[in-house]
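Letter by letter, the sequence shown follows residues 260 to 922 of our numbering. Ideal Cβ positions, reconstructed from N, Cα and C, are used throughout, including at glycine. Please read the structure below before turning to the comments.
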Amino acid sequence: MPSDLLQRPDRAAPAAPRTAPKRRTRVFALAEARWAAAALVLFLIALPLQLTGAPAWSWGPLYAAAYVTGGWEPAWAGLMALRAKTLDVDLLMIVAAIGAASIGQLMDGALLIVIFATSGALEALATARTQDAVRGLLDLAPTTAARLAEDGSESTVPTEDLVVGDTILVRPGERVGADGRVVDGASEVDQATITGEPLPVAKETGDEVFAGTLNGTGALRVKVERDASDSVIARIVAMVEEASETKAPTQLFIEKVEQRYSLGMVFTTLAVFLIPLAFGADLTGSLLRAMTFMIVASPCAVVLATMPPLLCAIANAGRHGVLVKSAVVMERLGQVDAVALDKTGTLTEGTPRVTDIRPLDSSGLAEDTLLALAAAAEHPSEHALARAVVDAARTRHLAIAGMRDFTSTPGIGVTATVDGHKIQVGAPARLLAGTDDTEAACTAEVAADLEDGGRTAVLVLRDSVPVGMLGIADRLRPDAAATVDALTTLTGNTPTLVTGDNPRAAARLAAEVGITGDEVHAGLLPQDKVDAVRRLESRGRKVLVIGDGVNDAPALAAAHTGIAMGRAGSDLALQTADAVVVRDELATVPAVIALSRAARRLVVQNLVIAGTFITGLVIWGLVGHLPLPLGVLGHEGSTVIVGLNGLRLLHDAAWNRAPKDMQ
260 MPSDLLQRPD RAAPAAPRTA PKRRTRVFAL AEARWAAAAL VLFLIALPLQ
310 LTGAPAWSWG PLYAAAYVTG GWEPAWAGLM ALRAKTLDVD LLMIVAAIGA
360 ASIGQLMDGA LLIVIFATSG ALEALATART QDAVRGLLDL APTTAARLAE
410 DGSESTVPTE DLVVGDTILV RPGERVGADG RVVDGASEVD QATITGEPLP
460 VAKETGDEVF AGTLNGTGAL RVKVERDASD SVIARIVAMV EEASETKAPT
510 QLFIEKVEQR YSLGMVFTTL AVFLIPLAFG ADLTGSLLRA MTFMIVASPC
560 AVVLATMPPL LCAIANAGRH GVLVKSAVVM ERLGQVDAVA LDKTGTLTEG
610 TPRVTDIRPL DSSGLAEDTL LALAAAAEHP SEHALARAVV DAARTRHLAI
660 AGMRDFTSTP GIGVTATVDG HKIQVGAPAR LLAGTDDTEA ACTAEVAADL
710 EDGGRTAVLV LRDSVPVGML GIADRLRPDA AATVDALTTL TGNTPTLVTG
760 DNPRAAARLA AEVGITGDEV HAGLLPQDKV DAVRRLESRG RKVLVIGDGV
810 NDAPALAAAH TGIAMGRAGS DLALQTADAV VVRDELATVP AVIALSRAAR
860 RLVVQNLVIA GTFITGLVIW GLVGHLPLPL GVLGHEGSTV IVGLNGLRLL
910 HDAAWNRAPK DMQ
């Protein structure tokens, strides 16, 4: 093949995006959203007309239209469930709404219809957005690849046409077209989308590469080892889809007694209507008594007992930077008793920084001088480590000298002439090969010390003589240790660290935040993270996974609950997660868990209140004569009480008080 294909350019090609292009379903592209919006608009037009005393002909048809637009889909779903010999709350709500309308309570029935139609639309939107993200992940892998024939000729083919044994060429700045192994060339590959590692990884002959990862400054020849349908990216998609389909959502408390309550209410209403008729009561009186019973026994107060605390908690969390995607998720957050944390971008900031500057004693250089030399040589480079060195020099306000004769060798480092001296910056193991044995041994000890501390060691040579070492690492979030401690207190269990990073870096960071050695799992691929989550769940745990990358998405989907870090989170992670920390403040995670538990306590309080009212009114209606106005007053009164009780969680004080209440 032509030799110029493997020439290393002075600068890397522009980096492709690290996340998949966004596919986003529009809200009103969903039929459920259109019907719910229509019902809401009709209701909001009719309500003020009724309250201001307008004639019934002006608002009655509007309520009727709201019934039809918002109610036909849940009614159809309820009928289909009934056909399958299941009676659910959807159908019960429709029956209650029709019953309310039959005795003149049009507004009550329309409100029930609007609530259920809106809930269904939100669920449909969440499902569509997750499917968008899963499909978008496939765009990480390129659609074509440069396949090399045995005679060295090159042809561009669709990646799905590649077969095991083919050899492809990956030029600088391109994405790898298939899972395989390097057979020629050297480069650094950014594989954060697969492993979560914050730094590009040096690749040379014999090393494995993954489809969708981003090549750096060198060219690689890769022998394909997996079909496109079996690539790591494809398996991530499959795992997310499988987990999303098989993970049964935790039902709200009222839904757990839905069948018994629904059947009991239906049979009792029929009995209240038919038994008096059998003993000679008039039809109108029996119907009025049955409708009164249906109104007082309808689960309006029970629905409001459950939803307002959870919805108010969602709104409160949103104001403090945590987007919780549904009431079911808010309820589920309070149930977690185990936490699995990603490392890069979750416990850490996800950006490498210079942590150590160690001039060698024999060099006579000060820290600033060593850093300035390294920054001058690294300045033209686009490597993540180079950017960290240059940023560190700028932070110290050091003058970065001019340079010439810059060259970059993937997997080794950079070379440049600075102030008349040849400066080399790169991997110690490679650069020490040509140095004096005594100097090499001394320098290797410094490098080993840095690496034992979980840092990446970078050697600086001046005129082929070692002069110092830089340590580079991802920086821990300021609130990471406090968050781990709070999560331990809330759940009663130390969080587990699951990361694709190397074991030494993972162990160092875990020690800093208070995670014990048994709870540290490093070097994990996406499927390994899922396995770690399932092991925890096999012990009866309800696991919360916190992550930010594409590689975290399968674990986020498989877990009882998933939270994504929003600032640097991949599109797939954000869509797969049940909640998103929008402001990237890790400390909000224990706060939202505590808020969820506070909401669950209010739900229980409201259910007791609603149950007391409903029980009292139902007994009155069965054993005595309950006037319709009094029944409506009691029904609406209980609804107002539980609604106002749930609104307590809207106040900022609830967010601040929740963590203290859990201590």
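Three-state secondary structure assigned by DSSP to residue i
| i | result |
| --- | --- |
| residue 703 | helix |
| residue 588 | helix |
| residue 835 | helix |
| residue 612 | strand |
| residue 749 | helix |
| residue 426 | strand |
| residue 544 | helix |
| residue 607 | strand |
| residue 508 | For residue 508, the pLDDT reaches just 40, beneath the cut-off of 50, and the residue's location in the model is therefore unreliable, although a value from the coordinates is still provided. DSSP places residue 508 in coil when its eight states are reduced to three. |
| residue 536 | helix |
| residue 618 | strand |
| residue 434 | strand |
| residue 280 | For residue 280, the predicted model reports a pLDDT of 47, less than 50, meaning its position is unreliable; a value from the coordinates is still stated below. Coil, per DSSP. |
| residue 410 | coil |
| residue 400 | coil |
| residue 489 | helix |
| residue 350 | helix |
| residue 555 | helix |
| residue 237 | Here the chain covers residues 260 to 922 and nothing more, so residue 237 does not appear. |
| residue 903 | helix |
Short Cβ contact (7 angstroms threshold) for residue i with residue j
| i | j | result |
| --- | --- | --- |
| residue 788 | residue 594 | no |
| residue 570 | residue 590 | no |
| residue 294 | residue 579 | no |
| residue 782 | residue 804 | no |
| residue 825 | residue 851 | no |
| residue 753 | residue 747 | yes |
| residue 329 | residue 372 | yes |
| residue 658 | residue 719 | no |
| residue 732 | residue 614 | yes |
| residue 468 | residue 442 | no |
Bridge-paired residues (DSSP) for residue i
| i | result |
| --- | --- |
| residue 667 | 673 |
| residue 441 | 481 |
| residue 566 | Answer by DSSP bridge pairing: none, since residue 566 is not bridged. |
| residue 780 | 757 |
| residue 720 | 683 and 725 |
| residue 806 | 823 |
| residue 731 | 613 and 715 |
| residue 662 | 677 |
Range covered by the beta strand (DSSP E) that runs through residue i
| i | result |
| --- | --- |
| residue 862 | Run containing residue 862: none in the beta strand (DSSP E); it sits in the alpha helix (DSSP H), 847 to 882. |
| residue 472 | First-last for residue 472: undefined, no H or E at that position. |
| residue 404 | 403 to 407 |
| residue 310 | It is not in any beta strand (DSSP E) - residue 310 instead sits in the alpha helix (DSSP H) that spans 290 to 310. |
| residue 597 | 597 to 600 |
| residue 815 | From DSSP, residue 815 is part of no beta strand (DSSP E) but of the alpha helix (DSSP H) over 812 to 817. |
| residue 582 | 581 to 583 |
Limits of the unbroken alpha helix (DSSP H) element including residue i
| i | result |
| --- | --- |
| residue 774 | Looking at the DSSP string, residue 774 is not in any alpha helix (DSSP H), and its letter there is neither H nor E. |
| residue 797 | 785 to 797 |
| residue 821 | From DSSP, residue 821 is part of no alpha helix (DSSP H) but of the beta strand (DSSP E) over 820 to 824. |
| residue 463 | From DSSP, residue 463 is part of no alpha helix (DSSP H); its letter is neither H nor E. |
| residue 338 | 315 to 342 |
| residue 415 | No alpha helix (DSSP H) contains residue 415, which is instead part of the beta strand (DSSP E) from 413 to 417. |
| residue 449 | Note, residue 449: premise wrong, no alpha helix (DSSP H); beta strand (DSSP E) at 446 to 449. |
| residue 634 | 626 to 637 |
| residue 648 | 643 to 654 |
Straight-line gap, residue i to residue j (C-alpha atoms, nearest Å)
| i | j | result |
| --- | --- | --- |
| residue 424 | residue 483 | 5 angstroms |
| residue 777 | residue 763 | 14 angstroms |
| residue 476 | residue 688 | 20 angstroms |
| residue 530 | residue 601 | 58 angstroms |
| residue 931 | residue 774 | The structure shown has nothing for residue 931, since the chain only spans 260 to 922. |
| residue 324 | residue 301 | 7 angstroms |
| residue 856 | residue 306 | 35 angstroms |
| residue 444 | residue 376 | 59 angstroms |
| residue 651 | residue 421 | 44 angstroms |
| residue 639 | residue 661 | 10 angstroms |
| residue 480 | residue 428 | 5 angstroms |
| residue 572 | residue 858 | 7 angstroms |
| residue 769 | residue 712 | 12 angstroms |
Residue i Cβ short of 6 angstroms to the ligand FAD heavy atom set
| i | result |
| --- | --- |
| residue 897 | By its list of ligands, the structure shown contains no ligand whatsoever, and the ligand FAD lies outside what it can speak to. |
Cβ of residue i within 7 angstroms of any chain C Cβ
| i | result |
| --- | --- |
| residue 444 | Of the protein chains in this structure there is only one, and it is not chain C. |
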